[in-house]
Amino acid sequence: MFADLDYDVEEDKLGIPTVPGTVTLKKDSQNLIGISIGGGAQYCPCLYIVQVFDNTPAALDGTVAAGDEITGVNGKSVKGKTKVEVAKMIQMVKGEVTIHYNKLQADPKQGKSLDIVLKKVKHRLVENMSSGTADALGLSRAILCNDGLVKRLEELERTAELYKGLTEHTKSLLRAFFELSQTHRAFGDVFSVIGVREPQPAASEAFVKFADAHRNIEKFGIHLLKTIKPMLTDLNTYLNKAIPDTRLTIKKYLDVKFEYLSYCLKVKEMDDEEYSCIALGEPLYRVSTGNYEYRLILRCRQEARTRFAKMRKDVLEKIELLDQKHGEYHCCQRYVQCVHPQPRWSRGSWRLMVVAAWCGWLLQGSTRLFPWLLSSSYSLSSCTVSTICTLHSSTLGLVSSSL
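Counted from 1, the sequence shown has number 40 at position 40 by the UniProt record's numbering; the numbering is strictly sequential.
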């Protein structure tokens, strides 16, 4: 159609400038350079690149992109030729092939029209629907690479909630443990005062040793808190920094994904429109004037796909790191359950169990450390015994209220 004309068809470039250039590409083992071609005779005056495939000579070189016009192959003009003829010209060349092109200096903002924005909204709505609901409403569900990262976002929310509760319970327990340690320190001070005031030398010595034992318990408790604190800090970092950062990355990834799907849908709609008009024998105006609108969408789709691939890689890396960290905590939890299997306790029963175990350990430890307390040679006054019972009762009441 255009080869028979003795004048150039005026192209409607939509204000998009083009820059001529030349690139030499070395073919791969399959005699391909990695591009697909569109346009050409008999309906379009321009031959252009529709897609640049990944990990091919054209993609690795990075000079040409989707939407660029092909003007020649190895110095021969392709004007007036069909895309099949140009593909054969490229295939006939062995080794290296030189492509002459007009670079499309397109601004991606020009292609982001209201139609693309509405398509993004549609994809975002359909993504959260079930297949049955989408089919009932007549909406198509675009499935991309069997994408399961959306479900991972829900799992991430549940994991964050789990660790948040674990952190709160741990803080509460450590706070109660610290208060219990301070109570032991107070016990030590009281026993020290009683020992100083006790008239019997043997009983005074026993109270002093018992005071030292309580102070040592307080020191060991503080040492335990200092040991556990870095673990809690690590858990807080995982909860307050790693998980929110991954959640934000997934949301950005979803936005890029929906934009890429919108451009893919737009390209499909424009292809269908072009084929239907050709079938009726009435070529579209945009096709007969260079198809610049379609080429702009092709360029936007390629750039959106590049952003999508990059964001998907970032999300997979961050989720892998989170899974490794979650696996460490999970393995530790399984180890504890295997070594010390415990029944399921409610929150209140679990706290009372901790208090009871701690008090029982104190009583057993006291008799083991100081067996002479059970000896009949040390007789305590009734006032001293009453004071000790009162102190222990007040301690249990304090710990129970703090827990």
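Each residue gets a CB set at the ideal place from its N, CA and C atoms; glycine is no exception.
#1: Given this structure, state the Cα-to-Cα distance separating Ala211 from Lys229, to the nearest angstrom.
#2: Please determine, among Arg152, Leu25, Asp115 and Gly80, the residue with the shortest C-alpha to C-alpha distance to Leu248.
#3: If we count Cβ pairs, one from each stretch, closer than 8 Å, do we get three or more for the stretch 66 to 74 versus the stretch 93 to 112?
#4: Can you look up Gln182 in the DSSP assignment and give me helix, strand or coil?
#5: Indicate the three-state DSSP secondary structure (helix, strand or coil) for Lys76 in the structure shown.
#6: Should Glu218 be labelled buried (16 or more other beta-carbon atoms within 10 Å of its own) or exposed?
#7: For Tyr294, which option in Lys83, Gly111, Lys79 and Lys88 has the closest C-alpha, if you only look at C-alpha atoms?
#8: If I measure Cβ to Cβ from Pro341 and keep anything under 6 Å in the same chain, skipping five residues before and after, which residues do I get?
#9: In the stretch 184 to 241, which residue ranges form an unbroken alpha helix (DSSP H) of at least 4 residues, counting only runs that do not cross its ends?
#10: Which same chain residues, not among the five before or five after Tyr378, have their C-beta less than 6 Å away from its C-beta?
#11: Hey, out of Arg158, Lys26, Leu225 and Gly188, whose CA is closest to Leu173's CA?
#12: Given this structure, state the Cα-to-Cα distance separating Lys164 from Arg301, to the nearest angstrom.
#13: In the DSSP assignment, what residue or residues form a beta bridge with Glu317?
#14: Express the C-alpha separation of Pro57 and Ile33 in angstroms, rounding to a whole number.
#15: If we call anything under 8 Å between Cβ atoms a contact, is Ile37 one with Val52?
#16: Pick out whichever of Tyr263, Val208, Pro20 and Pro45 has its Cα sitting closest to the Cα of Val121.
#17: Under 7 Å from any heavy atom of the ligand HEM, does the C-beta of Thr24 make it?
#18: Give me the Cα-Cα distance between Glu154 and Thr233, rounded to the nearest whole angstrom.
#19: Would you say the stretch 37 to 47 touches the stretch 71 to 88, given that touching needs at least three Cβ pairs under 8 Å?
#20: What is the DSSP secondary structure of Thr159, reduced to helix, strand or coil?
#21: What first and last residue would you give for the beta strand (DSSP E) that runs through Gly39?
#22: How would you write the range of the alpha helix (DSSP H) that Glu269 sits in, first residue to last?
#23: Is the CB-CB distance between Thr246 and Leu162 below 8 Å?
#24: Given a threshold of 16 other Cβ atoms within 10 Å of its Cβ, counted over all protein chains shown, does Arg158 qualify as buried or as exposed?
Result, derived from the coordinates:
#1: The residue given as residue 211 occupies position 211 in the sequence shown. The residue given as residue 229 occupies position 229 in the sequence shown. Rounded to the nearest angstrom, the two C-alpha atoms are 27 Å apart.
#2: Here residue 248 refers to the residue found at position 248 when the sequence shown is read from its first residue. For the residues Arg152, Leu25, Asp115 and Gly80, the minimum Cα distance to Leu248 belongs to Arg152.
#3: yes
#4: As a first step, residue 182 must be located in the sequence shown, where it is residue number 182. Helix at Gln182.
#5: Translated into positions along the sequence shown, residue 76 becomes position 76. In the displayed model, Lys76 falls within a strand according to three-state DSSP.
#6: The sequence position of residue 218 within the sequence shown is 218, counting from 1. With 16 or more Cβ atoms within 10 Å of its Cβ, Glu218 is classed as buried.
#7: On the sequence shown, residue 294 is found 294 positions in, with the first residue counted as 1. Nearest option by C-alpha distance: Gly111.
#8: Here residue 341 corresponds to residue number 341 of the sequence shown, with the count starting at 1. Below a pLDDT of 50, predicted positions are generally treated as unreliable, and Pro341, at 45, falls in that range; the measurement from the model is reported next regardless. No residues qualify anywhere along the chain.
#9: 201 to 237
#10: Your numbering for residue 378 matches position 378 in the sequence shown. Its pLDDT being 39, under 50, Tyr378 is placed unreliably in this model, and the value from its coordinates should be taken loosely. Cβ within range, chain order: Ala202, Ala203 and Ala206.
#11: Taking the first residue of the sequence shown as 1, we reach residue 173 at position 173. The candidate whose alpha carbon is nearest that of Leu173 is Leu225.
#12: The residue labelled residue 164 in the question sits at position 164 within the sequence shown. The residue labelled residue 301 in the question sits at position 301 within the sequence shown. Approximately 40 Å between the Cα atoms of the pair.
#13: In the sequence shown, residue 317 corresponds to position 317, counting from 1. Glu317 pairs with nothing; no bridge assigned.
#14: The residue you call residue 33 lines up with position 33 of the sequence shown. The residue you call residue 57 lines up with position 57 of the sequence shown. Going by the C-alpha atoms only, they are around 5 Å apart.
#15: Here residue 37 refers to the residue found at position 37 of the sequence shown. Here residue 52 refers to the residue found at position 52 of the sequence shown. The answer is no: Cβ separation not under 8 Å.
#16: By 1-based counting over the sequence shown, the position of residue 121 is 121. For the residues Tyr263, Val208, Pro20 and Pro45, the minimum Cα distance to Val121 belongs to Tyr263.
#17: Questions concerning the ligand HEM fall outside what the structure shown contains, since it holds no ligand whatsoever.
#18: Within the sequence shown, numbered from 1, the residue matching residue 154 stands at position 154. Within the sequence shown, numbered from 1, the residue matching residue 233 stands at position 233. When only Cα atoms are considered, Glu154 and Thr233 end up about 25 Å apart.
#19: Because the criterion of three Cβ pairs below 8 Å is met, the stretch 37 to 47 and the stretch 71 to 88 touch.
#20: Translated into positions along the sequence shown, residue 159 becomes position 159. The answer is helix: DSSP assigns Thr159 an H, G or I state.
#21: The sequence position of residue 39 within the sequence shown is 39, counting from 1. Ile35 to Gly39 is the span of the beta strand (DSSP E), which, as asked, contains Gly39.
#22: As a working mapping, residue 269 is identified with position 269 in the sequence shown. Ile243 to Ala279 is the extent of the alpha helix (DSSP H) around Glu269.
#23: In the sequence shown, the residue the question calls residue 246 occupies position 246. In the sequence shown, the residue the question calls residue 162 occupies position 162. No.
#24: To locate residue 158, count along the sequence shown from 1; it is residue 158. Classification for Arg158: exposed.
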